[in-house]
Amino acid sequence: MEEKMRDLENQLIDYKRFVSALLILSSYLYMGGIIKTYLQPTSHGGILFLLSLISVSAGIWFIGKGKGIQDKISQER
61 MEEKMRDLEN
71 QLIDYKRFVS
81 ALLILSSYLY
91 MGGIIKTYLQ
101 PTSHGGILFL
111 LSLISVSAGI
121 WFIGKGKGIQ
131 DKISQER
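Our numbering numbers the first residue of the sequence shown as 61 and each following residue consecutively.
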């Protein structure tokens, strides 16, 4: 039982770290999209905005998975 709780807590910590990394990545992609669209106009800015949206969506998905794990942890205690 303790091992399962420890595994769930470690998985929750990993999800939180991954969400942080995805948010940092999406902010860099968004800023790159702004630079490519407005400061140095090229046609590649839209791709960066799309990648930013995808990484934010993945972050939101991992937040939802983390909430589910948090609920499991609170039920087991």
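All C-beta atoms in this analysis are idealised placements derived from N, C-alpha and C, irrespective of residue type, glycine included.
Residue i, DSSP secondary structure in three states
i	result
R137	coil
M60	What the structure shows of the chain is the stretch from 61 to 137, and residue 60 is not part of that stretch, so it cannot be assessed.
A103	Contrary to the premise, residue 103 reads as Ser rather than Ala in this sequence. Coil at S103, not helix or strand.
Spatial neighbours of residue i in its chain, beta-carbon cut-off 6 Å, leaving aside the 5 residues before and after
i	result
L85	S115
Cutoff 7 Å; reference residue i; Cβ partners in own chain excluding five residues on either side
i	result
K132	L68
A118	L82
Close beta carbons around residue i, own chain, < 8 Å, minus the five adjacent residues each side
i	result
Q130	L72
K96	T102, H104, G105 and L108
Handout entry: the region 73 to 84 / the region 116 to 134 touching (three or more Cβ pairs under 8 Å)
Key = The answer is yes - the region 116 to 134 touches the region 73 to 84, with three or more Cβ pairs under 8 Å.
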